[in-house]
Each structure stands twice: as structure tokens, then as C-alpha cells.
Amino acid sequence: MMLQISTLKVLGLLNVLGFAAIVLVCELLTKGSAREKVLGGICVGFSVIVFTAPLSIMRVVIRTKSVEFMPFSLSLFLTLSAVTWLFYGLAIKDFYVALPNVLGAFLEVVQMILYIIFKYYKTPVAEKTEKFKTVSDHSIDMTKLTTVMPSPVSDTAIHPPPAIHDVPESQIQVTGLKDQNNKDIENQNQL
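Pasting the structure below:
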């Protein structure tokens with residue numbers, strides 16, 4: 747609950763400060779027709795940000811091949827809104843209204859096409875039944891760690907013995923293996 751309240755406070759503060767900054771820039775730093783261009787540019791920027799926000803969801807849909815994170819009704823109504831504002835901007839010949847809605851209408855149509863493509867796509871059963879790991883699956887038994895004592899550094903750790911494939915056959919001695927195998931066979935016969 748505290749996280750929600752602090753999030754609301756931050757969002758409210760950003761909205762108030764953002765609006766105040768826009769008003770100050772437009773009123774104090776610009777005059778006449780330049781004010782319209784600056785404010786129009788700021789609005790186009792925010793509109794483009796709003797329309798490009800679903801791109802991350804589109805990436806998730808393509809990667810998971812599932813539309814569970816992208817509601818169709820939202821895409822449909824955002825498309826209708828973008829197209830309506832696009833036609834309005836063209837009707838009044840306002841570049842700042844029409845431009846971001848061209849991008850918005852395009853991205854929303856792409857989003858609806860993705861929805862249609864992946865709506866009936868079946869995900870493999872293995873992905874659906876994947877066991878989620880719990881904290882105990884990732885825990886470490888500290889008592890086992892404390893009983894392990896490091897061994898002293900020996901000469902073989904610094905200079906390891908040569909591997910068997912590096913030793914010539916004339917130096918390899920096989921002793922005791924035949925005797926051990928015979929004892930194993932005798933023990934099995936006695937059982």
C-alpha cells in the first residue's frame with residue numbers, strides 16, 4: 747500500500763512539475779508564432795511517446811507467441827482514436843495533430859495484426875507445465891559450507907602430474923589390476 751501511495755506522489759509531482767515547465771517555457775522563453783511551434787513540438791513528442799509505449803508489449807507477444815498481455819479492445823479503440831484524430835488534423839490542416847496520429851494509427855494496426863496472428867497460436871505443453879522454482883530450490887545449506895576445510899596447497903596443485911596421454915607407453919606400469927579383478931571374480935563366485 748505504501749508503494750502505491752509513493753508511486754502516486756511521484757506521478758503527481760512529475761505531472762505538476764512537467765506542466766509547470768511547459769507553461770514556463772512557452773510563456774517566458776517564446777513569443778508569438780514560435781510559442782505555437784514549441785508547444786506543438788512538445789505535444790507531438792508526448793503523443794509519439796504514448797503511441798510507441800506498446801512496442802514493448804508487441805515484443806513480448808512475438809517472443810512468447812501469446813496475446814495474454816495485449817488486450818484486443820485496447821488496441822481497437824486506440825486505433826479508432828488515432829484514425830479519428832488523424833482525419834481531424836488533416837481536416838483543419840494542423841500538422842501537430844495529424845503527424846503523431848499517422849504513427850499511432852500505423853502502430854495500432856500492426857498491434858491488431860499481431861493479435862490476429864497469435865490469438866489461436868498454441869504454445870507447447872512443456873512451457874505451460876514448467877515447474878516454477880521456489881526459494882528452497884535456490885537455497886544453500888550453510889552447515890555444509892562451514893564443515894568444509896580447505897586442504898593445504900600441495901606441490902601437485904602447483905605442478906600437476908602429467909596426463910596419461912602425455913606419458914610414453916614404455917613408462918606406463920599396470921600392476922595389481924589383474925590381481926584385483928581375480929579377487930572380485932572370486933568374491934562373486936562365493937556368493
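Numbered according to the numbering used here, the sequence shown spans residues 747 to 937.
Don't be surprised by glycine CBs; every beta carbon is placed ideally from N, CA and C.
Predicted model, so just to flag it, every value in this text is computed and none were measured.
- Pairing Val790 with Leu845 gives a Cβ-Cβ distance under 7 angstroms.
- Nearest C-alpha to Val807 among Phe864, Leu749, Met748: Phe864.
- Contact between the segment 757-768 and the segment 807-818 is absent, with fewer than three C-beta pairs closer than 8 angstroms.
- For the 7 angstroms CB-CB criterion, Cys772 and Val784 form a contact.
- Around Tyr842, the same chain offers Gly786, Gly787, Cys789, Val790, Gly835 as residues with beta carbons nearer than 8 angstroms, after the five sequence neighbours per side are excluded.
- Burial state of Thr825 is buried, judged by a 10 Å Cβ sphere holding 16 or more other Cβ atoms.
- As for any alpha helix (DSSP H) of minimum length 4 sitting wholly inside the segment 753-840, the runs are 779-798, 801-810, 818-837, ordered along the chain.
- With fewer than 16 other Cβ atoms inside 10 Å of its own Cβ, Leu770 counts as exposed.
- For Ala828, the closest of Tyr861, Thr810, Val794 by C-alpha to C-alpha distance is Val794.
- The Cβ neighbour count for Phe797, taken over all protein chains shown within 10 Å, is at least 16; the residue is labelled buried.
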